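For the protein sequence lines, the chains are A and B, in the order given. Per UniProt numbering, the first sequence starts with residue 1, numbered consecutively. Per UniProt numbering, the second sequence starts with residue 1, numbered consecutively. Reviewing the structure listed below.
Number of protein chains: 2
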Amino acid sequence: MSRSLIRLRATIRDTFRTLEVPISPRFTPAKKYTYRTNVTNAAAGSQTLNSTNPALSFPCLDAREEKTATLRGRSLDTGPEPSYTSGDHLKHHSSEALLLDWGGALAQFDIAYETWGRLNESKSNVILLHTGLSASSHAHSTESNPKPGWWEKFIGPGAPLDTEKYFVICTNVIGGCYGSTGPSSRDPANGEVYATRFPILTIQDMVRAQFRLLDHLKIDKLFASVGASMGGMQSLAAGVLFPERVGRIATISGCARSHPYSIALRHTQRQVLMMDANWNRGFYYNSIPPHTGMKLAREIATVTYRSGPEWEQRFGRRRADPSKPPALCPDFLIETYLDHAGEKFCLEYDANSLLYVSKAMDLFDLGAANQTRTANLRQENESNRSDRQGISCSLTLPDEPYEEQQEVPSLSNPIDIKETSTPQDLVAGLQVLNKHPTLVLGVASDSLFPAWQQREIADVLRAAGNRSVTHVELGEDVSLFGHDTFLLDLEHIGGSLKRFLA
Amino acid sequence: MSRSLIRLRATIRDTFRTLEVPISPRFTPAKKYTYRTNVTNAAAGSQTLNSTNPALSFPCLDAREEKTATLRGRSLDTGPEPSYTSGDHLKHHSSEALLLDWGGALAQFDIAYETWGRLNESKSNVILLHTGLSASSHAHSTESNPKPGWWEKFIGPGAPLDTEKYFVICTNVIGGCYGSTGPSSRDPANGEVYATRFPILTIQDMVRAQFRLLDHLKIDKLFASVGASMGGMQSLAAGVLFPERVGRIATISGCARSHPYSIALRHTQRQVLMMDANWNRGFYYNSIPPHTGMKLAREIATVTYRSGPEWEQRFGRRRADPSKPPALCPDFLIETYLDHAGEKFCLEYDANSLLYVSKAMDLFDLGAANQTRTANLRQENESNRSDRQGISCSLTLPDEPYEEQQEVPSLSNPIDIKETSTPQDLVAGLQVLNKHPTLVLGVASDSLFPAWQQREIADVLRAAGNRSVTHVELGEDVSLFGHDTFLLDLEHIGGSLKRFLA
């Protein structure tokens, strides 16, 4: 860790050197600047040698402008936007329309996926692994793409997702940009990029698309549905939508419904992105992508992914270059770390995918009231759509069983219900999972999906009658890595998962 | 509370109505849109009726553009920027230069202040009240400015800061924009607005300016130095800089040094502001102010000022208008709340003030190593400056006693010290306060200045030998208002303060 810090620090210094930005000579201003107190009304805003103090320099803005210029200079044939691929993967094309929860539709769609291990003859050893917000299907290296995946150490022979035993499938979510249909894909209706004509998505929509893939692979039932973060939402949602097709569920650092603080944190990310003029209301695909907004959004996200105590240990109050005077641009080591995280991400992921997938997370709510509302809306949209020529036959009927709604307290107008008033709404919503062995894993230092949300899942499942709930909470003595613990802690996250699946 | 929510919701609805933004008819798209799967290569980015789904609308961007247009339309005589005044206040002009910790200087400066109660004959009943980041000197209404102040209920006859007993002084910090010299002031050296030619400030610089005011008022010694948030930093710093001139100290939701997580949170705010093109590297005073960046910064700040559990109770998952389809613009009630908070603030405070004062908070560190470094730097700058004509006589000699440095472990190169390694550095730094009665107040639900930081202050003072430390921590059963508790909780914050001062 300290070695990578040293590298980071060196990179920062090199950046300053490369840019050749004049750094304010703040340490010896007296020799260069003199007071003149009687001059007034000089042209405001212009630089003058006679100011009391020198103007600050802004290497972070210089770097931003340089990046914009570089992107503007790219060939218009290839388009200035980066291509969002994470390497070689499999792809399933579904030519049947996918009706979405909020009334939109995908007339057809692709779903990118990768697999590890071997499907047994009875097709009973399948683990569907769900990803976090910005991840691709590349959870582990493959023959055709040897690059390490985002859960490289968690998958493999003898690993928690043991490829000697299981056939592991990981997909890129619809709405994403790593091979599955998303806002950067072309709308088959008119050949144009969807951009913000892409329909609003839900976590359940993503799961329905995944089960289309399972249909195609003729896999009736999953051994387990596993995921962390947004994937922890999906792994639960899969069980709720297809209770007969899911054997067991592992949900790590996830929740049963998003709470307002995490909505607020995602809101600020979406807002900074949407306020980047280059975002252009989503229509940037032939132009400069909103790299500044993406960088800022990722910096905010990075703050929510880690924890204060970790940074206290790792960065403390160290400045990137203590020999320089303080600056408004990144200065403390923690700032250069965030800057680096944002910079690394800003062209690696599609901005519109970030907006739609982030919004889907906000909308996530497995409570009965929300399920009822969605079911009614889907039914309405379905009958609207079935009136239309050429489309009625390709409609997907909702797969989810809504029987559990009879156990919901009578909801004359579900929209008006106070969703936070009591977890009874969640108990009713998760009733269908009252027999599924479920592992619920939480991390005390997580501020984005705080540990009370995982306790809520466990409590709700138990209240629904489920006697096979394993709830594990990693204390701050075990992990200070906050939300990101699921990516880093092979021993405790991986260990719990392995024991649960065994 | 629910009444204000209803009002907020009504305001949002009115806003939507006023803007007359076409809202996507997401609930009945089937009647308006048809699939056409064979059209390709239509002009990308253009709107077409034939897309599978309608384009989303963006009322938040419409509102932003409207605001920019309004600001552009303002008379150039008065300047498009707002005037940052909080009403009538007193002002002290110091014509002596103020040498700053990081080598800059203010050749002269104003400090705005207000007072309540009466100064007694022995001038022994003075309480200096320090503000948070963005507050003015208007802590309480006055005859000449009857508008309620930011601590209206905490000051007055019989109130915690009892004006029957105490003479309360509150100043606007230098660097601010409410009457004290800051980046929006004119540099006497050339008559131009400082903008980002304003020098880097520290909390201690602000305190030194305050003590200039006390000198002017011929107040030798404070009965108490009191403050919350950034004011909690200042109230401690006042004691460290002028131990003989401060009687007792109350520091509420403050810290002895900033930690990396709070630096990170402020970093993201500064970054979104600086990336607003209208910020223009600080030179926006004759142009459109960076209202978008300010709004975004305030939204992020607002997230850090409150707590998840409060929002869970207050907003839950309620949407601003459940009859509308989900939107990428503010949608959930928590989002409209943040949007409103940002909107309200974006023209009320100077953007450069936010940057400089926020940076001063990051730089705050009362550890001995940092004090030594600063002392050396000040000495160096002082001798540089004393070489110069016409300025040597107006220099301010550092007032702080550096005797405690002898108790610091030998620091051959203080810049290289690991500042986080041990609180011994803080124990040495706060040694000078080993006799001052001190109240340290913290709030368990505070994520910006977490409760461990106040425990740290208390522990460090006790380790330094102080036997008059009162440490109070308000649990989540008492307050869920997070960092903002100090503004809201008259009973517990005010009550503890009253008992301490009595």
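Just so it is clear, CB atoms sit at the ideal spot from N, CA and C, and this is done for glycine as well. Quick caveat, the model's predicted, so the values are computed rather than measured.
Between the CA atoms of residue j and residue i - distance to the nearest angstrom
i: B/L328; j: B/D446; result: 29 angstroms
i: B/T115; j: B/N466; result: 31 angstroms
i: A/H130; j: A/C255; result: 14 angstroms
i: B/L133; j: B/R266; result: 11 angstroms
i: B/M206; j: B/D62; result: 40 angstroms
i: A/L433; j: A/F242; result: 10 angstroms
i: B/W452; j: B/N125; result: 32 angstroms
i: B/K123; j: B/Q234; result: 21 angstroms
i: A/L461; j: A/V469; result: 7 angstroms
i: B/T171; j: B/K91; result: 9 angstroms
i: A/E310; j: A/S479; result: 9 angstroms
CB of residue i within 7 angstroms of CB of residue j, strictly
i: A/I334; j: B/I263; result: yes
i: A/I200; j: B/P326; result: yes
i: B/G342; j: B/E299; result: yes
i: A/E491; j: A/G442; result: no
i: B/L222; j: B/G247; result: yes
i: B/S180; j: B/D276; result: no
i: A/S136; j: A/Y178; result: yes
i: A/A159; j: A/Q204; result: no
i: B/A228; j: B/Q269; result: no
i: A/N50; j: B/N384; result: no
i: B/A107; j: B/L99; result: no
i: A/R281; j: B/F58; result: yes
i: A/Y166; j: A/G232; result: no
i: A/D459; j: A/A369; result: no
i: B/A360; j: B/T142; result: no
Coil, strand or helix - residue i by DSSP
i: B/K91; result: strand
i: A/T113; result: The identity of residue 113 of chain A in the sequence shown is Tyr, whereas the question assumes Thr. A/Y113: strand per DSSP, three-state reduction.
i: B/E164; result: coil
i: B/T374; result: helix
i: A/L61; result: helix
i: A/F154; result: helix
i: B/T171; result: strand
i: B/N413; result: Residue placement at B/N413 cannot be trusted, given a pLDDT of 36 that sits under 50; what the coordinates show is reported in the next sentence. In this structure, B/N413 counts as coil in the three-state DSSP scheme.
i: A/G103; result: coil
i: A/L241; result: helix
i: B/G247; result: strand
i: A/R118; result: coil
i: B/L201; result: coil
i: B/L355; result: helix
i: B/L480; result: coil
i: B/L98; result: strand
i: B/I263; result: helix
Strand pairing of residue i, partner residues [DSSP]
i: B/D215; result: In DSSP, B/D215 forms no bridge with anything.
i: B/F332; result: B/R319
i: B/H471; result: B/V440
i: B/A228; result: B/I252
i: B/I127; result: B/V168, B/A224
i: B/D365; result: B/R257
i: A/V193; result: A/R186
Exposure of residue i, with buried meaning 16 or more beta-carbon neighbours within 10 Å
i: residue 576 of chain A; result: Any property of residue 576 of chain A remains undetermined from this structure, which presents chain A solely from 1 to 502.
i: B/A69; result: exposed
i: B/K435; result: exposed
i: B/G475; result: exposed
i: residue 510 of chain A; result: Residue 510 of chain A lies beyond the stretch modelled for chain A, which goes from 1 to 502, so this question has no answer here.
i: B/P148; result: exposed
i: residue 526 of chain B; result: Residue 526 of chain B lies beyond the range of chain B shown here (1 to 502); nothing can be said about it.
i: B/N286; result: exposed
i: residue 507 of chain A; result: Here chain A comprises residues numbered 1 to 502, so residue 507 of chain A is not present and cannot be evaluated.
i: B/A224; result: buried
i: A/D439; result: Here the sequence assigns Leu to residue 439 of chain A, which means Asp is not the residue at that position. The residue in question, A/L439, is buried, as its Cβ has 16 or more Cβ neighbours within 10 Å.
i: A/E456; result: buried
i: A/P183; result: buried
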